[in-house]
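Here is the structure we will look at, set down as structure tokens.
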């Protein structure tokens, strides 16, 4: 599957990233090769191979779900430059405050 420079530029814009034309062309080529390699995996005959979810021989270790005392809000917000009702206010990063 060929990834176009336009697709790379579109995703870069969504991510608020800017690349030169040379970088965009290089990313398109590299990403196309990666997608081609992943597509090859779909052609592998896995008949008789047991499904797995992980390659590691580990069990998930969970801690007990016990409530603990949290951090004092007033102390936490002491160094926050701007807040509103215990929310930290930060500059907008999206154009017009909208979604990407």
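Residue numbers (full-length UniProt numbering): 1 to 100. All residues carry an ideal CB built from backbone N, CA and C; glycine is no exception. The structure displayed is predicted, hence computed values, not measured ones.
Check                                                                                                              : Outcome
For residue 51 and residue 57, the rounded distance between their alpha carbons                                    : 14 Å
Sequence-distant residues of the same chain with beta carbon closer than 7 Å to residue 88, five excluded per side : 80
Pairwise C-alpha distance: residue 61 and residue 70                                                               : 23 Å
Length of the line joining the Cα atoms of residue 29 and residue 4                                                : 8 Å
Distance between residue 1 and residue 59 (C-alpha atoms, nearest Å)                                               : 37 Å
Three-state secondary structure (DSSP) of residue 84                                                               : strand
Complete beta strand (DSSP E) runs within the stretch 6 to 80 (minimum length 3 residues, chain order)             : none
CB of residue 8 within 8 Å of CB of residue 27, strictly                                                           : yes
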